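> One structure follows; several queries about it will come next.
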Amino acid sequence: MRMMLDTRDIVQRYLYQFGVWEPSLTAWLTGVLRPGDVFVDVGANIGYFSLLAARIVGHTGSVVAIECSPAAGSELRGNLAANQVGNVRQVTSAVAASECVLTFYEPKKGIHSVTTSVPAGDPVFQAAAKPLSALLTAAELGAARVIKVDIEGGEYDALSGLVPVLDRTRPDLAIVVEVNEAMLARQGRTVAATTGLLTDLGFHPYRLVNSYRPSSYLVPGRPPQRVREPVTGQADLVFSRIDADTL
0 MRMMLDTRDI VQRYLYQFGV WEPSLTAWLT GVLRPGDVFV DVGANIGYFS
50 LLAARIVGHT GSVVAIECSP AAGSELRGNL AANQVGNVRQ VTSAVAASEC
100 VLTFYEPKKG IHSVTTSVPA GDPVFQAAAK PLSALLTAAE LGAARVIKVD
150 IEGGEYDALS GLVPVLDRTR PDLAIVVEVN EAMLARQGRT VAATTGLLTD
200 LGFHPYRLVN SYRPSSYLVP GRPPQRVREP VTGQADLVFS RIDADTL
């Protein structure tokens, strides 16, 4: 894929250096998605996972790339155009449990990959927010093979807006969620409460190995492993209705 990159941002720097971001998630998505599938990318940033999925699902499938940041959204739009993809629908919106307006912050000024609605530093923009159930069409929801939610602390509210319509999804739907114990705590939320939104509905949690050490990008990604202990700190989780040791 072709992407314009700013190496001051860790996501874009690693893409420039290694040609990949989050190797374990990349490898898993590559193995799971098939032509004709729908991939929903909540927190699409500059579009790495959206472009990856667009190639795999092909012209019979589609990608919904949701990004509220004006700066990241502009870069996403440029990267989609550079790759001439016609199966990605870009949605400029924040995601929440209900319709509202959210204020966003950049803890590291100018670094769009960590934009968050959790107060941290000076506010940089406001965005209208809707629940996922309102942002996806009935066809997209019903055909979604993977929904990825990585919105820097807003995952509880995003999942809350998805839960009411999960009964309309495919039996093999997988939901990828990044959880951060510290950011959730600042909102009065917990990891257990966040994961419970899905496990209470019969989804099983699996953990993706994810390290930001450069050396970890030199080895193949590993498949998601079943979570048996309470999750602490920061973790990338895959939720599936499949009950197994490894996805």
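Using numbering that gives the first Met the number 0, read the sequence shown as starting at 0 and increasing by one per residue. Beta carbons are placed, not taken as given, at the ideal position from N, Cα and C, and that holds for glycine. Only a predicted model underlies this, so the values are computations on that prediction, with no experimental measurement involved.
Can D166 and R206 be called in contact, C-beta distance under 9 Å?
Locating residue 166 in the sequence shown gives position 167, where the first residue counts as 1. Locating residue 206 in the sequence shown gives position 207, where the first residue counts as 1. No, the Cβ-Cβ distance between D166 and R206 is not below 9 Å.
> On the three-pair Cβ rule with 8 Å, is the stretch 46 to 55 touching the stretch 154 to 161?
Verdict: no, contact absent.
> Mind checking Q11: buried by the 16 CB within 10 Å criterion, or exposed?
Taking the first residue of the sequence shown as position 1, residue 11 is located at position 12. Buried, because 16 or more other Cβ atoms sit within 10 Å of the Cβ of Q11.
> Taking only three categories from DSSP, how would you classify A127?
Numbered from 1 along the sequence shown, position 128 holds the residue referred to as residue 127. Residue state, collapsed to three classes: strand.
> To the nearest angstrom, how far is the alpha carbon of A81 from that of V94?
Translated into positions along the sequence shown, residue 81 becomes position 82. Translated into positions along the sequence shown, residue 94 becomes position 95. Spanning the two alpha carbons is a distance of roughly 26 Å.
> Output the residue ranges of the alpha helix (DSSP H) runs that lie fully inside the stretch 9 to 47 and measure 4 residues or longer, sorted by chain position.
9 to 17 and 22 to 31, all fully within the stretch 9 to 47.
> Can you tell me whether G153 is buried or exposed? The criterion is at least 16 other CB atoms within 10 Å of its CB, across all chains shown.
Position 154 of the sequence shown, counted from the start, is the residue given in the question as residue 153. Label assigned to G153: buried.
> Let me know if F202 comes out buried or exposed under the rule of 16 or more other beta-carbons within 10 Å of its beta-carbon.
If you number the sequence shown from 1, residue 202 lands on position 203. Result: buried.
> Are A137 and V37 touching if we call contact CB-CB under 9 Å?
Stepping through the sequence shown from its first residue, residue 137 is reached at position 138. Stepping through the sequence shown from its first residue, residue 37 is reached at position 38. Cβ distance not < 9 Å, so A137 and V37 don't count as in contact.
> Measuring CA to CA, which of T194, S73 and M0 is closest to V148?
For the purposes of this step, residue 148 is identified with residue 149 of the sequence shown, where counting begins at 1. Checked all of T194, S73 and M0; the closest Cα to V148 is T194.
> Give me the Cα-Cα distance between R188 and G85, rounded to the nearest whole angstrom.
Counting from 1 along the sequence shown, the entry for residue 188 is found at position 189. Counting from 1 along the sequence shown, the entry for residue 85 is found at position 86. Straight-line Cα distance between these residues: approximately 38 Å.
> From the DSSP output, which residues share a beta bridge with F238?
For this step, residue 238 is matched to residue 239 along the sequence shown. Answer by DSSP bridge pairing, in chain order: I174 and P204.
> CB-CB under 7 Å to G179, same chain, minus the five flanking residues each way: which ones, in chain order?
By 1-based counting over the sequence shown, the position of residue 179 is 180. Residue identity check: residue 179 is Asn in the sequence provided, not Gly. Contacts found: G152 and Q233.
> With a cut-off of 8 Å on the beta carbons, I'd call I146 and I174 a contact; round off their distance for me.
Within the sequence shown, numbered from 1, the residue matching residue 146 stands at position 147. Within the sequence shown, numbered from 1, the residue matching residue 174 stands at position 175. Rounded, the Cβ-Cβ distance is 5 Å, consistent with contact.
> Tell me L101's beta-bridge partners as DSSP assigns them.
Residue mapping note: residue 101 aligns to position 102 of the sequence shown, counting from 1. For L101, which the question treats as bridged, DSSP gives the partners A126.
> Find out if the Cβ-Cβ distance for the pair T6, G35 is shorter than 9 Å.
Translated into the one-based positions of the sequence shown, residue 6 becomes position 7. Translated into the one-based positions of the sequence shown, residue 35 becomes position 36. In this structure, G35 does not lie closer than 9 Å to T6 by Cβ.
> Ignore the nearest five residues each way along the sequence and tell me which others in M0's own chain have a CB closer than 6 Å to its CB.
In the sequence shown, residue 0 corresponds to position 1, counting from 1. L50 and N82, listed in sequence order.
> Going by alpha carbons, who is nearest to P222 out of L246, T102 and A184?
Taking the sequence shown and counting its residues from 1, the one referred to as residue 222 is at position 223. Taking only the C-alpha atoms, the option nearest P222 is L246.
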